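K.L.:
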Amino acid sequence: MRNLRAGSKEMMKELNKALVIHEIRMHGPVSRSEISKRLNLVQSTITKICDELMEQNMIFPIGEQQSTGGRKAISLVFNNNYGYTIAVKIEDYQILFALTNLKPLFIQTNSVCFDKHASFSEIQDLLGAGIAQMKAVAEEKSFRLLGIGIAVSGVVDQANGVLISSALLEWKDIHFRELLEPMFGLPVQLDNDLNCYTLAQARFGLGREESNFICMTIGEGIGAGIVIDNQIYRGAIGGAGEFGHTIVQLNGRDCLCGQKGCLEAHASDAFIVNYVHEKTGVRKRIEDILLEESAVFDEAVEIAWNYLGLGLINLIMLFNPEKIIISCHPQVGKHWKDPEMLQVVKNNWYERNGVFSTDIVFDDLNNDNFLLGASLLVMSELFEEPIYKGQGTIYNNL
Ligand SMILES: [Zn+2]
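The opening residue of the sequence shown carries number 9 in this note's numbering; numbering runs sequentially from there.
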């Protein structure tokens with residue numbers, strides 16, 4: 009019993025510490041009294057924790073703020089160079105690597121290409137060598153490495169660092185953590201690439217003010233990251249957010265996944281490429297189609313939006329999000345942003361009845377966000393207490 013209680017006390021201390029670090033990371037510069045107010049924790053607890061964190065060089069004081077009582081309060085900021093992470097994004101023909109600080113900012117990046125349809129065992133050495141190179145840079149600069157974050161397409165068992173299955177990569181059952189942790193002596197966090205993108209939007213992007221939002225990317229495929237009460241919703245096995253494979257047309261176009269009529273087959277780059285091919289008889293790469301911006305392209309983009317609009321209404325009715333962030337090619341986004349086009353989505357029940365309006369915002373598809381999100385995976389694990397994340401549980405006087 010005594011051990012159990014001692015253990016709980018230790019855990020609560022760790023939790024309080026995690027809450028304080030989170031507060032300073034997300035809202036710094038911030039004074040001790042502000043932290044105390046925000047967390048509803050007594051100031052003596054905050055002071056004790058802050059002293060400890062300053063000793064560890066994880067936070068530091070800056071300037072001096074005049075507080076209301078006339079006494080000077082020191083503001084605290086998180087030390088973004090306290091540690092560093094290695095971020096990795098695995099795509100279907102290349103792997104991207106980055107060494108980041110905790111802001112996170114890129115210190116160094118690299119990439120390596122491989123043949124599409126390669127098996128995991130064929131690229132395993134490339135992955136290891138890329139991580140080793142980033143680790144060597146960090147060691148040369150005497151950086152404290154905190155972990156490796158990996159973004160990968162597919163269904164991910166995040167708790168165990170396992171890629172269960174990836175349709176894009178055609179890989180199954182890859183135990184990334186088990187393989188890489190002993191190799192590099194660093195903790196390894198793995199998540200679906202869309203969830204990493206969403207994490208980046210949640211921390212410093214267009215979703216930073218919202219507790220309930222949906223982040224989607226529309227490019228080669230279509231995917232969605234769903235944030236409910238500040239947490240990414242993963243579903244039973246980590247497969248939630250496969251928005252591209254929801255069906256919007258009975259007996260519609262063939263999809264790569266084997267279904268017919270998936271949103272992805274009617275609104276992604278693949279649809280635009282196919283549509284332009286059907287209308288002109290010439291098969292072009294999406295990059296060229298985007299550059300040319302022909303009348304047929306405009307037509308394809310409008311058709312795609314009508315299907316996407318249906319999908320968006322379904323999402324709005326299911327999740328009632330405050331905001332939907334659409335990350336897509338700028339050439340496509342500029343059409344969809346048009347107020348007349350947006351009317352397709354605004355025609356949902358909530359909006360028509362003046363009950364609620366979901367904010368629809370557009371963002372250029374930004375590949376850096378996947379890597380920055382992978383880096384944030386490492387930080388979330390270290391600086392946020394996962395069990396209690398977002399629950400606001402507090403313990404005083406520890
Ligand atoms: Zn599909």
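Backbone N, C-alpha and C define an ideal beta-carbon position, used for all residues, glycine too. Please read all numbers here as calculations on a predicted model, not as lab measurements.
Would you list, in sequence order, the uninterrupted alpha helix (DSSP H) runs of no fewer than 4 residues that lie entirely inside the segment 314-355?
P.N.:
338-344 and 347-354
K.L.:
Can you list the alpha helix (DSSP H) stretches of 4 or more residues lying completely in the segment 61-145, in chain order?
P.N.:
none
K.L.:
Considering only heavy atoms of ligand 1, list every residue whose Cβ is less than 6 Å from one of them, following chain order.
P.N.:
253, 263, 265, 267, 270 and 272
K.L.:
What three-state label does DSSP hand residue 204 in the structure shown?
P.N.:
Three-state result, residue 204: helix.
K.L.:
Go ahead and label residue 274 buried or exposed: buried means 16 or more other beta carbons lie within 10 angstroms of its beta carbon, across all protein chains shown.
P.N.:
buried
K.L.:
Grab the span of the beta strand (DSSP E) containing residue 171 for me, first residue to last.
P.N.:
170-174
K.L.:
Residue range of the beta strand (DSSP E) that residue 370 falls in?
P.N.:
367-372
K.L.:
Pull up the DSSP beta-bridge partners for residue 236, would you.
P.N.:
BP columns for residue 236 point to 239.
K.L.:
Could you please give me the residues that DSSP links to residue 265 through a beta bridge?
P.N.:
Per DSSP, none; premise fails for residue 265.
K.L.:
Work out the CA separation of residue 117 and residue 188 for me, nearest whole Å.
P.N.:
Straight across, the Cα-Cα distance linking residue 188 with residue 117 is about 19 Å.
K.L.:
Name the residue from 323, 248, 318 and 230 whose alpha carbon lies nearest to the alpha carbon of residue 277.
P.N.:
When only C-alpha atoms are compared, the closest one is 230.
K.L.:
Can you tell which of 316, 319, 374 and 329 has the C-alpha that lies nearest to the C-alpha of residue 338?
P.N.:
374
K.L.:
In this structure, how does DSSP classify residue 57 when only helix, strand and coil are distinguished?
P.N.:
helix
K.L.:
Could you give the residue range of the beta strand (DSSP E) that holds residue 381?
P.N.:
That residue, residue 381, is in no beta strand (DSSP E); its alpha helix (DSSP H) goes 376-391.
K.L.:
Is there a Cβ from chain B that is less than 8 Å from the Cβ of residue 135?
P.N.:
Checking the listed chains, one finds no chain B in this structure; it contains a single protein chain.
K.L.:
Is the segment 360-380 touching the segment 235-246 in the sense that three or more CB pairs, one from each, lie closer than 8 Å?
P.N.:
With a cut-off of 8 Å, the segment 360-380 and the segment 235-246 do not count as touching, because too few Cβ pairs lie within range.
K.L.:
Please work out which residues of its chain come closer than 7 Å, Cβ to Cβ, to residue 382, disregarding the five sequence neighbours upstream and downstream, and give them in chain order.
P.N.:
95, 96, 97, 157, 158, 159 and 204
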